[in-house]
Amino acid sequence: MASTSSSRESLGTSLNRRPINSEFVVAQPPRTEVERSATFAREDKTTPPDDTASYHLQRYFHPVLQWILYFSKQFLKIDPLAKSVFYVLLTVVCSGASPVFEPFREYSFFQKTSFLNQYFVKFSWGWTFWLLLVFFSLCGYVESDGRMLRIGRNLTRLVIGTAVWYFVTLTFIGGIEKRTGTCSKTDIKSRKECVEAGNTWMQFDISGHAFLLVYCSLLILEEARGFFDWESEDVQDTDVPETVKDVRYEDHIKPYVTIAIRVLAVAISVLALIWDWMLIVTLVYYHSFFQRILGVALGIVAWFLTYRVWYPRFYPGPPGDMSGEASR
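Be aware that the sequence shown starts at 2, since it is given in this note's numbering, and climbs by one per residue.
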C-alpha cells in the first residue's frame with residue numbers, strides 16, 4: 002500500500018509538472034455580456050489569403066497611395082501667408098513673361114473654352130464649397146465628442162466665404178465695371194446694345210478670376226487644418242470601446258470613413274493645384290497687369306480679413322478651434 006500511494010503521489014507530481022499544451026483550455030474569470038459580444042465582433046473577420054486579387058492590389062498599390070497622400074498633405078501644409086506672398090510675386094513674373102508665351106495662346110488648353118475653364122473655373126466656388134462641406138461632415142462623423150458643434154462652425158465659415166465671394170464678385174467688381182463702362186463710338190449706355198451695334202464696350206475690368214482663384218486656394222489651405230487635427234486626434238485616440246455598437250463602429254464603419262476622408266484630402270489638394278494652374282493661365286494671357294494685381298490683392302485681403310482678423314477673435318473661430326471664443 003505504501004508503494005502504491007507513493008506511486009500515485011509521484012504520478013500526480015509528474016502531471017502537475019507537465020508543461021501545459023496549447024490544446025488545453027486555461028480557466029479564465031467570467032466576462033460580461035458586452036465583453037463577450039465585443040470579442041465576437043472583433044473575431045468575426047476573415048483575413049483574405051495571400052493569393053487573392055484584393056491582397057495583390059493592396060500589396061502593390063498601397064505604397065503608391067501612401068506617397069500620393071503624403072505629397073497631398075505636404076501641399077496642404079503650406080503656410081497661407083507665405084502662399085499669398087508667392088501669389089504677388091507670381092503676378093509680377095507672369096505679367097513680365099506674358100509676351101514670351103503669347104505665341105502659345107492659340108492652343109485650346111489656354112482658351113476660355115478649355116475644359117478646365119468651362120467646368121472648373123466657372124464653378125470654382127461651387128467645387129470648393131461642396132468638397133469642403135463633405136470633408137467637414139466626414140471629419141465630424143468620426144469624432145466622438147462635439148461633432149455637430151465643429152460641423153456647425155465649419156459650415157458657418159463656408160457661408161461667410163460664400164457671402165464674401167458674392168459681395169466682391171457681383172457687388173464690388175461688378176459695380177466698378179458698371180460705373181466705368183462706356184461704348185466706344187456712340188452714346189449707348191447699355192453694354193448689350195453697344196455690342197449688338199458692332200461697337201466695343203470699354204470698362205475697368207478687375208480680374209474676377211484672379212480674385213476667386215486666390216481666395217479659394219488660401220481658404221483651402223486654412224481649412225485643411227481640420228484634416229491634420231482629425232488625424233492627430235485619431236492617432237491619439239486610445240479609448241477602449243464600451244459597447245457592442247462602439248466596437249462595430251470602430252471595426253466596420255470607421256475604416257471606410259477614414260479612407261473616404263483621405264481620398265477627399267487628395268481631391269482637395271488636386272483642386273488647389275488646378276486653381277494655381279488656372280491662375281497662372283489667367284495672369285499670363287488675360288487682363289492687364291494692373292487688373293491682375295488688383296484681383297490677386299482682393300483675394301488676399303478677403304482671406305486676411307476673415308481668417309486672420311475675424312475668426313481668431315469672434316465666432317465661428319479659426320479652423321480646428323472647438324471653443325469659437327474670441328481670443329484674449
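Backbone N, C-alpha and C define an ideal beta-carbon position, used for all residues, glycine too.
Distance between beta carbons of residue j and residue i, contact taken as under 8 Å
| i | j | result |
| --- | --- | --- |
| Leu-213 | Ser-125 | 5 Å |
| Leu-220 | Thr-129 | 7 Å |
| Leu-284 | Ser-96 | 6 Å |
| Ile-269 | Phe-136 | 6 Å |
| Ala-261 | Leu-139 | 6 Å |
| Tyr-308 | Pro-319 | 7 Å |
| Thr-172 | Met-203 | The Cβ separation is near 21 Å, so there is no contact. |
| Ala-303 | Val-169 | 6 Å |
| Val-258 | Tyr-88 | Incorrect: roughly 34 Å between the Cβ atoms, too far for contact. |
| Tyr-312 | Arg-180 | Not quite, the Cβ-Cβ distance comes to about 32 Å (not below 8 Å), so this is no contact. |
Range covered by the alpha helix (DSSP H) that runs through residue i
| i | result |
| --- | --- |
| His-210 | 209–224 |
| Val-93 | 81–102 |
| Asp-206 | Neither: Asp-206 is in no alpha helix (DSSP H) and is coded neither H nor E. |
| Gln-119 | 116–120 |
| Trp-276 | 255–286 |
| Arg-314 | Counting along the chain, Arg-314 falls outside any alpha helix (DSSP H), and DSSP gives it neither H nor E. |
| Leu-295 | 290–304 |
| Val-196 | 192–197 |
Closest by C-alpha distance to residue i, when choosing among the options
| i | options | result |
| --- | --- | --- |
| Gly-127 | Lys-84, Tyr-71 and Trp-276 | Trp-276 |
| Asp-80 | Val-65, His-63, Phe-305 and Glu-103 | Phe-305 |
| Ser-185 | Val-101, Gly-175, Glu-197 and Ile-174 | Glu-197 |
| Asn-118 | Asn-200, Tyr-287 and Gly-175 | Tyr-287 |
| Cys-217 | Leu-66, Leu-70, Lys-84 and Pro-64 | Lys-84 |
| Val-267 | Gln-292, Lys-255 and Ser-73 | Ser-73 |
| Phe-76 | Phe-291, Leu-280, Leu-274 and Phe-315 | Leu-274 |
| Phe-102 | Trp-311, Leu-299 and Ile-281 | Ile-281 |
| Arg-293 | Val-310, Asp-206, Lys-190 and Tyr-257 | Asp-206 |
| Thr-201 | Lys-190, Ser-208, His-210 and Gly-209 | Lys-190 |
| His-210 | Phe-173, Leu-171 and Val-122 | Val-122 |
| Ala-225 | Met-203, Thr-181, Lys-255 and Val-271 | Val-271 |
| Val-297 | Phe-110, Met-279, Arg-151 and Trp-68 | Met-279 |
| Leu-265 | Leu-70, Val-65, His-63 and Pro-64 | Leu-70 |
| Val-165 | Gly-300, Phe-315 and Val-310 | Gly-300 |
| Leu-133 | Phe-87, Arg-154 and Gly-175 | Arg-154 |
| Leu-1 | Val-169, Tyr-167, Gly-141 and Phe-168 | Nothing can be reported for residue 1, as the shown portion of the chain is limited to 2 through 329. |
| Ile-177 | Pro-64, Lys-113 and Ser-208 | Ser-208 |
| Trp-68 | Tyr-312, Arg-151, Val-310 and Arg-263 | Arg-263 |
| Ser-289 | Ser-99, Thr-114, Phe-110 and Thr-163 | Ser-99 |
| Gly-162 | Leu-150, Trp-131 and Arg-192 | Trp-131 |
Beta-bridge pairing of residue i - partner residues as DSSP gives them
| i | result |
| --- | --- |
| Thr-183 | Met-203 |
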